[in-house]
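Top line first, the protein sequences correspond to chains A and B. Quick note: our numbering has the first sequence finishing at residue 306, numbered continuously throughout. Quick note: our numbering has the second sequence finishing at residue 1225, numbered continuously throughout. Using N, Cα and C, we set each Cβ at its ideal position, and we do this for glycine too. See below for the structure under consideration.
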Amino acid sequence: MFSNFYRVIKFALQNFFRNFWLSAVTIFIITLSFVTVNFFILANGFSDAVLTTIEQKANITIFFQVTAQESDVQAFKAEIENLPEIALLEYISKQDALDRFKNSARVEGRTSIVDALDELEINPLQSSIVITARTIEDYPAILAAIEKSPYSSIIEEKTYRDRQSIISSIERLKSKIRDVGVSVMGFFAIIVALIIYNTIRITIYSRRKEFGIMKLVGASNWMIRLPLLLEGILYAVISLGITILILFPLLSFLQPYTTRYFDGLAFDVLGFFSDRFVVIFGYQLTAAIGVNILASGLAIGRYLRV
Amino acid sequence: MIKIENVSKTYRPDVEALKEISIAIEPGEFVFLVGQSGAGKSTLVRLLTAEERPTSGRIEVGGWDITRLGRRHIPRLRRQIGVVYQDFKLLEQRTLYENVAFALEVCGTSLKTVHTVVPQLLRIVGLEEKAHRYPRQLSGGEQQRAAIARALVHRPKLLIADEPTGDLDSITAKGIVDLLTRINDVGTTIVFVTHNRDIVNMLRKRVISLHDGSVRSDKVGKYFI
């Protein structure tokens, strides 16, 4: 049993190294396919991160009219703060708004504005409420509840709709990236399958004498087929290994540029792959082995008569 | 050892390579299978090694009805039959030792057995000293001896030699015939396929003559064309 296992591996490795250039070209093309697929996975992860960031920053800010009565504002707040869709509600009174404005103006060194406000008898700023929903899908329900409120007349302005359109656009883009990604992965899976098929076919052709002799001396069918299947798996494993060896240094190199370019967006390209290493590469390895077994199996069935 | 009963083989569309032939070969016999090119000798060899199936009739080898043999049992049959060909069929990139060992390795024989059996066989065929040479470094006769050593790795009860002296000069051919005779002396049944009259007449053995897909004669003695 152990001897057979050892020999299957030995024959697979022998063939791999005897047809070194054929093996090298096969691995090169499969590696290119892997790298491309991983960049699509990265693009998908990036669009997810963009969307999550925007979703996290999304909120509804309601500005009340300057003339609105404090009691009406409090009644409005009391009415909507119990909505189940709301995760966080912050009330900023006129005085809070004034204090915050003055503080930030002082920090920024614009003391003349602070002085001017101090000279004014009245507070020109509006009170406001900042609402954060539990999920992005909850905002429409909250907006509807605000519209229906009997106190909606004291609202001067709501800031949400603009962000909603951005979110919709990004969601559309994300779904497009995913669709293209899936198509590209499918396309490359077919290419990889064809390359493996061709490689095994050439191997069978170039070693037909050896296979003939194996049959002649009573080798079992599996002793002939298994090394070829193993060879296909070997291509997948080596290609994925090389992809990982290329990808991580490349991402380390790109990391500072991506964080600088996408200022404020917390997307760690290296972390994206290292955190999901097992899932991302495990799936790719499984898929590649599956494609290899399928392609090798087809080539063996078609060209190797045992 | 071999029972061939009413065997016919027709290749499409209508080439009749063998026509209802019946032959019986007993264990331990040395039989020459002779005939001109196209007589059906090679077809018969392919049927005996289960490379092809007869169109009709029945073939039994060593008690196995090989006409009903499932594909997965064919390797087991082939381990019981040694076959030697005119073109030796040695792997050029392997040494003689590796060529002989290869036949054991692909059948799952343990490494220990390989290391024991291969030198023994090379000694029997007189190639012990050249075990680590490649086929291209050897003469035709030596290559054929190596092929015979390989054919014997599974200790077959039947050895089929398909024109084993076809590419050899007469002196070398005689050496091969002597070797096969010695193998026959220890009980291995030999089916020696040839169209070389001199080889057949070198020994007084049973000669089965095929002509146009049929058995023309089957007797002990000389072979006349």
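Between A:I92 and the set A:Y303, A:I60 and A:S127, the nearest pair of CA atoms involves A:S127.
Under DSSP, A:F20 takes part in no beta bridge, so it has no partner.
Around the beta carbon of B:R1150, 16 or more other beta carbons sit within 10 angstroms, so the residue counts as buried. Around the beta carbon of A:E108, fewer than 16 other beta carbons sit within 10 angstroms, so the residue counts as exposed. Each residue's CA atom was taken as its position, placing A:Q69 and A:K148 some 19 Å apart. By the Cβ rule, the stretch 1002-1015 of chain B counts as touching the stretch 1043-1061 of chain B, because three or more pairs are nearer than 8 Å. Taking C-beta atoms as the reference points, B:A1146 and B:L1127 count as a pair closer than 7 Å. DSSP places A:A87 in the strand class (E or B) of the three-state scheme.
Only residues of its own chain outside the window of five on either side were considered, and among them E1098, N1099, F1102 and P1135 have a CB closer than 8 Å to the CB of B:L1091, listed in chain order. Using beta-carbon distances, B:K1112 does not count as an interface residue toward chain A, since no partner is under 7 Å. Counting only the Cα atoms, A:I122 lies some 14 Å from A:I113.
The beta carbon of A:A219 sits closer than 7 Å to some beta carbon of chain B. Below the 8 Å Cβ cutoff, chain B contributes T1049, R1078, V1083 and K1089 as neighbours of A:L216, in chain order.
Within the same chain, Cβ atoms closer than 8 Å to the Cβ of A:L22 are found at T199, I202 and T203, the five residues on either side in sequence being excluded. Residue ranges of uninterrupted beta strand (DSSP E) with 3 or more members, entirely inside the stretch 34-93 of chain A and ordered along the chain, are 60-64 and 86-92.
Bounds of any alpha helix (DSSP H) do not take in A:I154, whose DSSP letter is neither H nor E. Annotation for B:E1060: no alpha helix (DSSP H) segment contains it, though the beta strand (DSSP E) segment containing it runs S1056 to V1061.
Beta bridge pairing from DSSP links A:A133 with A:I86. In the three-state reduction of the DSSP assignment, A:S128 falls in the strand class, which pools E and B. Taking C-beta separations shorter than 6 Å and ignoring five residues to either side along the sequence, the partners of A:T159 in its chain run T61, following chain order.
With the rule of 3 Cβ pairs closer than 8 Å, the stretch 179-196 of chain A counts as touching the stretch 29-42 of chain A. Counting only runs of 4 or more residues that sit fully inside the stretch 1092-1124 of chain B, the alpha helix (DSSP H) segments are 1096-1105 and 1111-1124, in chain order.
At least 7 Å separates the CB of B:E1052 from every CB of chain A.
The Cβ of A:E231 sits no closer than 7 Å to any Cβ of chain B.
Taking C-beta atoms as the reference points, B:A1017 and B:T1043 count as a pair closer than 7 Å. Using a Cβ distance threshold of 7 Å, B:I1160 and B:V1083 count as a contacting pair.
Among the bridge pairs identified by DSSP, A:F101 is matched with none.
The shortest C-alpha to C-alpha distance from B:T1189 to any of B:I1081, B:I1066, B:D1065 and B:D1167 is the one to B:I1081. In this chain, the alpha helix (DSSP H) harbouring B:D1185 covers S1170 to D1185. Here B:G1213 has E1016, A1017, L1018, K1019 and G1040 as same chain residues with Cβ atoms under 6 Å from its own Cβ, once five neighbours each way along the sequence are excluded. As DSSP reads the structure, B:S1209 sits in a beta bridge with B:V1034 and B:S1217. For the options A:T258, A:G282 and A:E81, the alpha carbon positioned closest to that of A:A49 is the one of A:T258.
Below the 7 Å Cβ cutoff, chain A contributes R7 as neighbours of B:E1105, in chain order. When rounded, the separation of the alpha-carbon atoms in B:V1191 and B:V1031 is 5 Å.
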